[in-house]
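> First residue of the sequence shown? That's 26 in our numbering, and the numbers climb one at a time after it.
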Amino acid sequence: MLRSLSIRDYALIEELEVEFESGLNIITGETGAGKSILLGALGLLLGDRASTEAVRSGAKKAVVEGLFDSADEGPLPDVLRSHDIDPSDNGVLIVRREVSSNNSRAFINDTPTTLEVLREVAAHSIDLHGQHEHQSLLRPETHVGLLDNFGGLGGLVETYRKHYRSVADLRKEREELARQEEDLRKQKELIEFQIEEIDRAAPQLDEQDELEAERRILENSERLYEATAQLYAILAESDEALYDRVVIVRNQLQDLARIDATFEETLGEVRSAEIAMKEATQFLQDYNARIEFNPERLDEIRERLGELDFLARKFGGTIEAVLLHRKRIGKTYELAANFEGAIARITEQIDDAQEKLSQSAHRLSQKRHEVAERIEEMIGVELATLGMPHAQFVVQFDLQEDPDGWINFSDGSRVVAYTSGADVVEFYISANLGENPKPLTKVASGGEISRIMLGLKAILAKSERLPILVFDEIDSGISGAIARRAGETMHRLAQFHQIIAITHLPQIASLGDTHFVVEKSIEGDRTKTHIRRLSESERAEQIASLLSGEAVSEAALESARELIGG
Numbered sequence: 026m027l028r029s030l031s032i033r034d035y036a037l038i039e040e041l042e043v044e045f046e047s048g049l050n051i052i053t054g055e056t057g058a059g060k061s062i063l064l065g066a067l068g069l070l071l072g073d074r075a076s077t078e079a080v081r082s083g084a085k086k087a088v089v090e091g092l093f094d095s096a097d098e099g100p101l102p103d104v105l106r107s108h109d110i111d112p113s114d115n116g117v118l119i120v121r122r123e124v125s126s127n128n129s130r131a132f133i134n135d136t137p138t139t140l141e142v143l144r145e146v147a148a149h150s151i152d153l154h155g156q157h158e159h160q161s162l163l164r165p166e167t168h169v170g171l172l173d174n175f176g177g178l179g180g181l182v183e184t185y186r187k188h189y190r191s192v193a194d195l196r197k198e199r200e201e202l203a204r205q206e207e208d209l210r211k212q213k214e215l216i217e218f219q220i221e222e223i224d225r226a227a228p229q230l231d232e233q234d235e236l237e238a239e240r241r242i243l244e245n246s247e248r249l250y251e252a253t254a255q256l257y258a259i260l261a262e263s264d265e266a267l268y269d270r271v272v273i274v275r276n277q278l279q280d281l282a283r284i285d286a287t288f289e290e291t292l293g294e295v296r297s298a299e300i301a302m303k304e305a306t307q308f309l310q311d312y313n314a315r316i317e318f319n320p321e322r323l324d325e326i327r328e329r330l331g332e333l334d335f336l337a338r339k340f341g342g343t344i345e346a347v348l349l350h351r352k353r354i355g356k357t358y359e360l361a362a363n364f365e366g367a368i369a370r371i372t373e374q375i376d377d378a379q380e381k382l383s384q385s386a387h388r389l390s391q392k393r394h395e396v397a398e399r400i401e402e403m404i405g406v407e408l409a410t411l412g413m414p415h416a417q418f419v420v421q422f423d424l425q426e427d428p429d430g431w432i433n434f435s436d437g438s439r440v441v442a443y444t445s446g447a448d449v450v451e452f453y454i455s456a457n458l459g460e461n462p463k464p465l466t467k468v469a470s471g472g473e474i475s476r477i478m479l480g481l482k483a484i485l486a487k488s489e490r491l492p493i494l495v496f497d498e499i500d501s502g503i504s505g506a507i508a509r510r511a512g513e514t515m516h517r518l519a520q521f522h523q524i525i526a527i528t529h530l531p532q533i534a535s536l537g538d539t540h541f542v543v544e545k546s547i548e549g550d551r552t553k554t555h556i557r558r559l560s561e562s563e564r565a566e567q568i569a570s571l572l573s574g575e576a577v578s579e580a581a582l583e584s585a586r587e588l589i590g591g
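Structure representation (structure tokens):
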């Protein structure tokens, strides 16, 4: 439940803090006193977008903070953890919004978060219904959502939407292929030429580096031959060959080492030099013997490198880019060459996806019809309680047939697939005995709309067990005994939920468990909004003022006490 609401520097509110109770919390006040401001501040905690104009004149920022308890129940802790927010150990949830002239920030348990997360958290705890939401009943497209919410069909709806998205994506892919067909056919000749050009050259990934190395050797074969021959002579063939002189040094060191062992280390180093020199001599001799003077091969390499360089410059700058281009155009060519096959494959996938969509739509429709029977019966009971004993509430179903529809039924018919299912749902009502039900949007009066919405909220709240319900003058358009019954409906709901109700009707206000009044005052040159909890005597006076206006008579007070005493 919402334990407390704290507001600072928001619109006309300089500083305000109110502690709510369980049960039915009533809020009254004169028109313009600031009740809507209070609800606007609460809306910020539920994820509404903030206007920087809401910051109180002269203040740097507006701050709204709500403290909710029993937040460790139901799915809410898992929702918080899924967004890396730690639930508190004592089940308290603290939500805060800060709005300044250039930005807005949101926090849950002092952890920065987003409006999307606020809305998700709110969806598990609170339902705020304002006057303007009466109009949602006048839009038939909202009726299917109300039906699904009442029946708890969210899982089936999401399954349907998953299949719907799959069909939509596949059909979009097929349309894209169809759009590409002409372009692909035009490209085919060019692609064929490029494939032939690249495949004829058959470039290999490391080929250029290997050929460049071979070219350098062939171009410098004479220098290599002369240099290796000269080095070999220096090491092994001249009169003063280095290898021979190292052998002399090694022999003398051997003699010296027999006399003095300290020569052993130097002897070892010279022996290593002798071995290295012998290996170098052998390498030079072998290398010199292998040197080729092959101008024909050199011409071949130069020609091949030119061919590879041309391909690289034409298709991306490197042989690697050439090979990637070949891979890409190869796939495009396969598609162009077998376009009908590609279309056939994706059409088969669409048929399979539409079959799954159809099955899902059928299951969802069956469940909706079952839920509709329950809601028709339950709303009838609620409307009778609210002064419409002969009202008949009907959930009307329709299907939009279309030979190109995505959804198939067993009788061979095809119907339009909407994002919410195959069903076109609209609420019908007959307010008086003997009248046939007609579309709610065409026959219901303002007062009837209020009662129908209250009835829907009542049964929806019973089914969903939302912990907090907020009603902003949902009693618009009703009065007298009907208003009393509306209040009694709220009072019954308050046995299971915390209800915060803004009302202007004394019949409803008198049934509150806790009563607050919103007041506006002028202090200096500033207008301020306050809220205070009423004592029992103050409560009677407030209800009397609702009955008779500003001048509260003794008769009005007595009537107010009678209303409170019930």
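The C-beta atom is built at its ideal place from N, Cα and C for all residues, glycine as well.
The structure displayed is predicted, hence computed values, not measured ones.
With DSSP as the reference, identify every bridge partner of Q279, one or two as the case may be.
As a working note, residue 279 is residue 254 in the sequence shown. Q279 has no beta-bridge partner at all, per DSSP.
> Is the Cβ-Cβ distance between L518 and H540 less than 8 Å?
In the sequence shown, the residue the question calls residue 518 occupies position 493. In the sequence shown, the residue the question calls residue 540 occupies position 515. Not a contact, by the Cβ cut-off of 8 Å.
> According to the neighbour-count rule (16 or more other Cβ atoms, all chains shown, within 10 Å of its Cβ), is I151 buried or exposed?
Start at 1 with the first residue of the sequence shown, and residue 151 comes out as number 126. That one is buried.
> CB A447 to CB L424, shorter than 8 Å?
Locating residue 447 in the sequence shown gives position 422, counting from the first residue. Locating residue 424 in the sequence shown gives position 399, counting from the first residue. Going by C-beta atoms, A447 is nearer than 8 Å to L424.
> May I have the straight-line CA-CA distance separating P414 from L408, to the nearest angstrom?
Against the sequence shown, residue 414 aligns to sequence position 389. Against the sequence shown, residue 408 aligns to sequence position 383. The alpha-carbon atoms of P414 and L408 are separated by roughly 7 Å.
> Could you check how far apart the C-beta atoms of L71 and A193 are, in whole angstroms? I think they sit under 8 Å.
For the purposes of this step, residue 71 is identified with residue 46 of the sequence shown, where counting begins at 1. For the purposes of this step, residue 193 is identified with residue 168 of the sequence shown, where counting begins at 1. Wrong, their Cβ atoms sit about 31 Å apart, outside the cutoff.
> Determine the closest residue to E55 out of S95, S562, I220, L530, with distance taken between C-alpha atoms.
Position 30 of the sequence shown, counted from the start, is the residue given in the question as residue 55. Nearest in C-alpha terms to E55, of all of S95, S562, I220, L530, is L530.
> Near I259, which residues of its chain fall below 8 Å by C-beta distance, leaving aside the five closest residues on each side in sequence?
For the purposes of this step, residue 259 is taken as residue 234 along the sequence shown, with counting starting at 1. Here the set comprises A266, L267.
> Is there contact here, the region 77-94 with the region 30-47, by at least three beta-carbon pairs under 8 Å?
By the Cβ criterion, the region 77-94 is in contact with the region 30-47, since at least three pairs of Cβ atoms, one from each stretch, lie closer than 8 Å.
> Just grab the DSSP bridge partners of T372 for me.
Taking the sequence shown and counting its residues from 1, one reaches residue 372 at position 347. Paired residue(s): none; T372 is not in a bridge.
> In the DSSP assignment, find the alpha helix (DSSP H) that holds A593 and state where it starts and stops.
Residue 593 cannot be examined here, being either before or after the span of the chain that is shown, 26 to 591.
> What three-state label does DSSP hand V577 in the structure shown?
Start at 1 with the first residue of the sequence shown, and residue 577 comes out as number 552. The answer is coil: DSSP assigns V577 none of H, G, I, E or B.
> Can you list, in chain order, the residues of its chain whose CB lies under 6 Å from that of D138, leaving out five sequence neighbours each side?
Locating residue 138 in the sequence shown gives position 113, where the first residue counts as 1. Residue identity check: residue 138 is Thr in the sequence provided, not Asp. Annotation for T138: A131 place their beta carbon closer than 6 Å to its own, counting only its chain and skipping 5 residues before and after.
> Leaving aside the five residues before and after E317 along the sequence, list all residues of the same chain whose C-beta is less than 7 Å from its C-beta, in chain order.
In the sequence shown, residue 317 corresponds to position 292, counting from 1. Only S246 meet the Cβ criterion.
> For the structure I just gave you, are there three or more beta carbon pairs, one from the region 446-466 and one from the region 388-399, closer than 8 Å?
yes
> Any chance you could list the beta strand (DSSP E) runs of at least 3 consecutive residues sitting entirely within the region 59-121, in chain order?
86-93
> Buried or exposed for V406, going by 16 or more other Cβ atoms inside 10 Å?
Locating residue 406 in the sequence shown gives position 381, counting from the first residue. V406 should be labelled exposed.
> Starting from L27 and walking both ways along the beta strand (DSSP E), at which residues does that stretch end?
Residue numbering aside, residue 27 sits at position 2 when the sequence shown is read from its first letter. Start and end: 27-35.
> Can you give the Cα-Cα distance for A511 and I371, rounded to whole angstroms?
Here residue 511 corresponds to residue number 486 of the sequence shown, with the count starting at 1. Here residue 371 corresponds to residue number 346 of the sequence shown, with the count starting at 1. The alpha-carbon atoms of A511 and I371 are separated by roughly 57 Å.
> Using beta-carbon positions only, say whether R240 and L349 come within less than 8 Å of one another.
As a first step, residue 240 is located in the sequence shown; it is residue number 215 there, counting from the start. As a first step, residue 349 is located in the sequence shown; it is residue number 324 there, counting from the start. No, these two residues do not count as a Cβ contact at 8 Å.
> Could you check what DSSP says for S297 in three-state terms: helix, strand or coil?
Residue mapping note: residue 297 aligns to position 272 of the sequence shown, counting from 1. Helix, per DSSP.
> If you follow the alpha helix (DSSP H) that R164 is in, where does it begin and where does it stop?
Here residue 164 refers to the residue found at position 139 when the sequence shown is read from its first residue. According to the DSSP assignment, R164 belongs to no alpha helix (DSSP H), since it is labelled neither H nor E.
> Return the CA-CA distance between I503 and S546, expressed in angstroms with no decimal places.
In the sequence shown, the residue the question calls residue 503 occupies position 478. In the sequence shown, the residue the question calls residue 546 occupies position 521. Near 30 Å, if we compare the C-alpha coordinates of S546 and I503.
> In terms of residue numbering, what span does the alpha helix (DSSP H) encompassing P228 cover?
Reading the sequence shown from its first residue, position 203 is the one you call residue 228. First-last for P228: undefined, no H or E at that position.
> What are the boundary residues of the beta strand (DSSP E) that includes E42?
Locating residue 42 in the sequence shown gives position 17, where the first residue counts as 1. Counting along the chain, the beta strand (DSSP E) containing E42 begins and ends at 38-44.
> What number of angstroms, rounded off, separates the C-alpha of H159 from the C-alpha of I474?
Position 134 of the sequence shown holds residue 159. Position 449 of the sequence shown holds residue 474. The predicted position of H159 is uncertain, since its pLDDT is 48 and thus under 50; a value taken from the coordinates is nonetheless stated next. Their backbone Cα atoms lie some 7 Å apart in a straight line.
> Would you tell me roughly how many angstroms separate the C-alpha atoms of F496 and M515, rounded to the nearest one?
As a position in the sequence shown, residue 496 is number 471, starting the count at 1. As a position in the sequence shown, residue 515 is number 490, starting the count at 1. Each residue's Cα considered, the two are about 9 Å apart.
> Let me confirm a value: G176 is counted as buried when at least 16 other C-beta atoms fall within 10 Å, else exposed. Which label applies?
Locating residue 176 in the sequence shown gives position 151, counting from the first residue. When all chains shown are included, G176 counts as buried.
> Using DSSP with H/G/I as helix, E/B as strand and the rest coil, what is L323?
The residue labelled residue 323 in the question sits at position 298 within the sequence shown. L323: helix per DSSP, three-state reduction.
> Work out the CA separation of R81 and I38 for me, nearest whole Å.
The sequence position of residue 38 within the sequence shown is 13, counting from 1. The sequence position of residue 81 within the sequence shown is 56, counting from 1. Between I38 and R81, the C-alpha separation is close to 7 Å.
> For L256 and E244, what's the separation of their Cα atoms in angstroms?
For the purposes of this step, residue 256 is taken as residue 231 along the sequence shown, with counting starting at 1. For the purposes of this step, residue 244 is taken as residue 219 along the sequence shown, with counting starting at 1. L256 and E244: Cα-Cα distance of roughly 20 Å.
> Among the residues of its own chain, which have a CB less than 8 Å from the CB of L458, if the five just before and after it don't count?
Taking the sequence shown and counting its residues from 1, the one referred to as residue 458 is at position 433. Answer for L458: H415, listed in chain order.
> I'd like to confirm the pairing. Which residues does DSSP put opposite Y453 in its beta bridges?
Position 428 of the sequence shown, counted from the first residue, corresponds to residue 453. Looking at the DSSP assignment, Y453 forms a beta bridge with V419, P464.
> Give every residue of the same chain whose Cβ lies closer than 7 Å to the Cβ of L195, excluding the five residues on either side of it in the sequence, and list them in chain order.
As a working mapping, residue 195 is identified with position 170 in the sequence shown. Excluding sequence neighbours, L195 sits near I371, Q374, I375, A378.
> Run through the DSSP bridge pairs and tell me what T306 is partnered with.
Counting from one through the sequence shown, the residue named residue 306 turns up at place 281. None; T306 has no bridge partner.
> If you measure between the beta carbons of E556 and V43, is that distance less than 8 Å?
Taking the sequence shown and counting its residues from 1, one reaches residue 556 at position 531. Taking the sequence shown and counting its residues from 1, one reaches residue 43 at position 18. At residue 556 the sequence reads Ile, which differs from the Glu that was named. Taking 8 Å as the Cβ cut-off, I556 and V43 qualify as a contacting pair.
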